[in-house]
Amino acid sequence: MGQSRWARDWPLHLMVWTGLAFVLVFSYGPMIGIVIAFQKFLPLNGLFGSKWIGFDNFRYIAHMPDTSRVIFNTVFIAVMKMIAGLIVPIVIALLLNEIVVKAFKRTVQTIIYLPHFLSWVILAGILRDVLSPNFGIVNDFMAWLGMPRVFFLGDERWFPFVLVASDVWKEFGFGTIVFLAALTGINPVLYEAAVIDGASRWKRTLHITLPGIVPIVVLMATLSLGNVLNAGFDQVFNLYSTVVYSTGDILDTYIYRLGLHNFEFGVATAVGLFKSAVSFVLISVSYLLAYRFANYRIF
Amino acid sequence: MLGKKLSSWGLVGTLVLALALSACTKSNGAGNNPSTTASPSESSPAASSASPSPSESGPDASAPVAAAAEGPLGKYDPPITITTVRHFNTGLKFVAGTDWDNNVYTNGLRDELGILIKNLWIVDDSQYSNKLNVSMVSGDLPDVFEVTLQQLQLLVEAGAIADLTEAYENYASDLSKQALSEGGGIALETATFNGRLMAIPESGSSSRDDAQFIWIRTDWLKKLNLEPPKSMDDVMNIAKAFVNGDPDGNGKKDTFGLNVDENLFNGWAGLDGFFNGYHAYPFNPGGQGGTGMNLMFLEKNGRLEYADIQPEVKTALGKLQELYKAGAINPEFSIMNGMKSAELATSGKVGMTFGQFWNAGWPLNDMKIKDPKVEWGIFPLVSADDLPVLKTSNNIVPKRFWVVSKKSEHPEAVVKFLNFFMEKNYGETKEIKYNALEENGESKPTFGLAPVRGGFAETNQNDYYLVQEALKTGDETKLTPKAKDYYDGINRYRDGEVALWPNEMMFGTEDGSSYGILSQYKKNNEFMTNAFLGAPTPAILKSGPALKDLQVKEFTKIIMGESPVDAFDAFVENWKNSGGNQILAEVNEWYQMRQ
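Protein chains in written order, with this note's numbering: chain A, 135 to 433; chain B, 3 to 597.
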């Protein structure tokens, strides 16, 4: 009569173990490559034949003239993306939540999620045309308003903001949907009680809605914190050019150029290791903070 | 119950399958990225050449031996398999029925030399380097493969490739030896390490055809009543006129006078020729392709000086700034790559561009086919003063090398590949099908399909002379197969077949074709070559990329008027202090050893 647990659960096991095997082989296995960061790696000598040089690669990076500027760019761009990437989806989610017409709400949700599926190669081409100082619609619009034309992609003062704005535009759909889901989890009884007590719409948002989604916000913030050194190679690589290196060059693109032309695999790996170490520390810290202050266990 | 069980099986099975298959990727050249910037030399007609006088080759198809067959073109019996890897330019087109495993070269090598070629993988030009690195790491090196000078040095250092000294001595045919010994044997020298030959360098690319010309819309010149330029002042005026004179007649001020893009120095839309006019010879391409490690040095007073920081460069930059202010240069040039600047030209938005001999083949030919009324003319570089203008030309140092993996059992096969190529293109049994095949009125190059290539420097130039002779006398008998191809192309173009316009522009007339003008350049040897012929020194490897970024940024700012021209002096100081002095010291060390 009662099936054994195994007979009932084996499909689940199969799914889990397959996924786990995948992660082990493709994510944990390659970790052995970390040794490259400590070697003068020559592809032909392989992992075990290359000379061991300890922390020399890290010292080399520290002494490069542009390292500090590049790290600053990376952190600056990443932090801006994180902040904007939290605020915009929350605001949009709050606005969408107020919409009564379900069809409209769903259509908007789908449309804002679509840019996520475009690759940066395509978007870069589109952005180049749209932001062109002479032929682009953004500048044409600005000129019509009487404002001076701006060379967005070629001006080092504007470039980081173009990066942040375009990235937020591309990715806010995902965050919005997550926050929308969180919003539906708030008990409507609380709203009714507040209305009875005479709370205005703004007060309701401030005291019920926002605190209600705090756990999700904390979760999203923590997840993105691990990305603080990942300012987005794909995007920057497709949009940058020599003239904006001073503000647009991030750690990954810098090392890509070094690694590609100089075959400095050891250095490139060292930087990757450095980034991972920093991310690990940050995620651990934010996990602890989340637990302490929001009483929220992520894992 | 059964139904439910089956559907859960099905779901699980699908998921597992999806996970497992996600690791498979498709190789073999499916992912085509348009190759950026520099010359698509694979698809331009005859990057290699054919000497008019058939010299003694050694088609020794005798004495088949079980192992290494004797003689430069000896046949292996039983046949051997040689593995290799290939890359291709996105412009590559195959004749119907042929592909990488079935073409004139694979078939010829199999039938005549008993060598079967196995291509381990084939990718687009832009991915070749990376894919090769992966192969190197996995220890999965093919028998024969193509590398750059830098990769060659890495391989020699790692001891992964075979010593080819004996193979070359014993198996190279006379034609091959002739080709590789041109230019004082500099090609072989570059491939020699500690007295041993470690690679077969590419020959036949040293004919000075990297010198630049000026390509101008002659229909625009006519419309504005302007003469072709005789001096750099004329160039300046023409550029400005193209902006203000509304040469495309559409009533809008939407045309530019000079094509420039983020590379700054390049075979297409490059400024090399512009600088040459002011007797400056900078060369440090920006953009994705520039490495910052191929630096140009000039000999001055017994020392080598860096070409890009000479005072003449400052003068030319000032002129470019002037043009930019006048609106002759596209303000977006600093973020445009070669494809975008090509689009600018082919969409009729710019009327003048400096470039190399092959620009008629790409990108200008597409424009001509679409609108035959468009007229592009080619003109020699001009000088800013009375001194003759020297053209930067550095292609006497080979850029491609073929190496053999240490594990290969037949290191001499690479030499035989070369022998075969030389014989079929320049020897007594030469046939045009080994250079190009025609299909539907279009010429499809085949020389790029050979695993190893070579040639003589002056072939294209010699073909030009043959074509000129034939055009004058109507006598076709002296034409080599390639020259005949050009000759026919020119005649058919003149009869109205617009698609063959590149032939006219490269070989058609003395004053109106690249090789015609190049022959004038060569009369007085009006070239400036890099005085530094060694591989990049440690200082160049270390500081080159950062210095390139610095230089490109400074030059761009000066051109765009964001910095005054005098900022150039500050740049020179900066360059020297950020590693430039070290570079100069090492380069001069090399120079002193050579004296």
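We put the CB at the ideal spot given by N, CA and C, even for glycine.
*Report the neighbours of G366 of chain A on chain B: residues whose CB is nearer than 9 Å to its CB, in chain order.*
Here the premise fails: no neighbours, minimum Cβ distance about 18 Å.
*Kindly indicate which residue of A:I330, A:L287, A:L314 has the alpha-carbon position closest to the one of E232 of chain A.*
A:L314
*Under 8 Å between C-beta atoms, does G363 of chain B make it to chain A?*
No, G363 of chain B does not count as interfacial toward chain A.
*Which same chain residues, not among the five before or five after V412 of chain A, have their C-beta less than 6 Å away from its C-beta?*
L363
*Could you have a look at W364 of chain B and say whether DSSP puts it in helix, strand or coil?*
Coil, per DSSP.
*Cα-Cα separation, S43 of chain B to G309 of chain A*: The pLDDT assigned to S43 of chain B is 35, lower than 50, so where the model puts this residue is not dependable; a value taken from the coordinates is nonetheless given after this. Their Cα atoms are separated by approximately 48 Å.
*Smallest Cα separation from I119 of chain B: which of B:Y78, B:L94, B:K133?*
B:Y78
*Can you tell me the Cα-Cα spacing of Y495 of chain B and S521 of chain B, whole angstroms?*
22 Å
*Is N421 of chain B near P74 of chain B, with beta carbons less than 8 Å apart?*
yes
*Pair every Cβ in the region 145-157 of chain B with every Cβ in the region 399-409 of chain B, then say whether three or more of these pairs are closer than 8 Å.*
Because the criterion of three Cβ pairs below 8 Å is met, the region 145-157 of chain B and the region 399-409 of chain B touch.
*Looking only at its own chain, which residues have a Cβ that is under 8 Å from the Cβ of A162 of chain B, when we skip the five neighbours before and after it?*
M138, L143, S407, K408
*Coil, strand or helix - L297 of chain A by DSSP*: In this structure, L297 of chain A counts as helix in the three-state DSSP scheme.
*Label E58 of chain B either buried or exposed according to how many other C-beta atoms from any shown protein chain fall within 10 Å of its C-beta, with 16 as the threshold for buried.*
Since pLDDT at E58 of chain B reaches only 31, below the 50 mark, its modelled position is unreliable, and the value read off the structure follows with that caveat. By the neighbour-count rule (16 or more Cβ atoms within 10 Å), E58 of chain B is not buried but exposed.
*N34 of chain B classed as buried or exposed, judged by whether at least 16 other C-beta atoms fall within 10 angstroms*: For N34 of chain B, the pLDDT reaches just 32, beneath the cut-off of 50, and the residue's location in the model is therefore unreliable, although a value from the coordinates is still provided. By the neighbour-count rule (16 or more Cβ atoms within 10 Å), N34 of chain B is not buried but exposed.
*Closer than 7 Å, Cβ to any Cβ of chain B: which residues of the region 274-286 of chain A, in chain order?*
F285
*Verify the contact flag: A327 of chain A, CB atom, against every heavy atom of the ligand ATP, threshold strictly below 7 Å.*
In the structure on display, the ligand ATP does not appear, and there are no ligands present to speak of.
*Just how far apart, CA to CA, sit V234 of chain A and D250 of chain B?*
For V234 of chain A and D250 of chain B, the gap between their C-alpha atoms comes out near 55 Å.
_Please tell me whether T394 of chain B has its Cβ less than 8 Å away from any Cβ of chain A._
no
*Any residues in the region 182-210 of chain A with a beta carbon nearer than 9 Å to a beta carbon of chain B? Which ones, in chain order?*
G183, M198, P199, D200
*Considering only residues of the same chain and omitting the five flanking positions on each side of N30 of chain B, which have a CB-CB separation below 7 Å?*
Summary for N30 of chain B: the model assigns pLDDT 37, below 50, so the residue's position carries little reliability, and this model does not support an answer.
*Looking at C-alpha atoms only, which residue of B:V567, B:L543, B:M562, B:F573 is the closest neighbour of M295 of chain B?*
Comparing alpha-carbon positions, the option among B:V567, B:L543, B:M562, B:F573 lying closest to M295 of chain B turns out to be B:L543.
_Strictly below 8 Å CB to CB, what residues from chain A border K555 of chain B?_
T376, V377, Y379, S380
*Please work out which residues of its chain come closer than 8 Å, Cβ to Cβ, to L552 of chain B, disregarding the five sequence neighbours upstream and downstream, and give them in chain order.*
F573, N576, W577, S580
*Are the region 209-218 of chain B and the region 272-292 of chain B touching by the rule of at least three beta carbon pairs closer than 8 Å?*
yes
_Residue(s) in a DSSP beta bridge with S565 of chain B_ = S565 of chain B is not bridged to any residue.
*Is the CB of R391 of chain A under 8 Å away from at least one CB in chain B?*
yes
*Could you tell me which chain B residues have their CB closer than 9 Å to the CB of R262 of chain A, listed as they occur along the chain?*
E334, I337, M338, K342
*Along the region 531-552 of chain B, what residues have a CB closer than 7 Å to any CB found in chain A?*
Of all residues in the region 531-552 of chain B, L543, P547, A548, D551 have a Cβ within less than 7 Å of some Cβ in chain A.
*Just the C-alpha distance for M530 of chain B and S140 of chain B, rounded to the nearest angstrom, thanks.*
43 Å
*Span of the beta strand (DSSP E), counted from its first residue to its last, around W147 of chain A*: One detail in the question is off: residue 147 of chain A reads as His in this sequence, not Trp. Note, H147 of chain A: premise wrong, no beta strand (DSSP E); alpha helix (DSSP H) at 139-157.
*Residue from B:A243, B:M238, B:V237, B:S233 with nearest C-alpha to N227 of chain B*: B:A243
_CB contact flag (W503 of chain B, A362 of chain B, <8 Å)_ = yes
*Identify every residue that forms a DSSP beta bridge with V146 of chain B.*
B:T86, B:V406
_Just to confirm before moving on: does the CB-CB distance between L389 of chain A and V405 of chain A stay below 8 Å?_
Sequence check: residue 389 of chain A is Ile here, not Leu. For I389 of chain A and V405 of chain A, yes; Cβs fall inside 8 Å.
*Which residues in the same chain have their Cβ closer than 8 Å to the Cβ of I166 of chain A, if we skip the five residues on either side of it in sequence?*
L181
*Would you verify that the beta carbon of G288 of chain A is, or is not, closer than 8 Å to some beta carbon of chain B?*
yes
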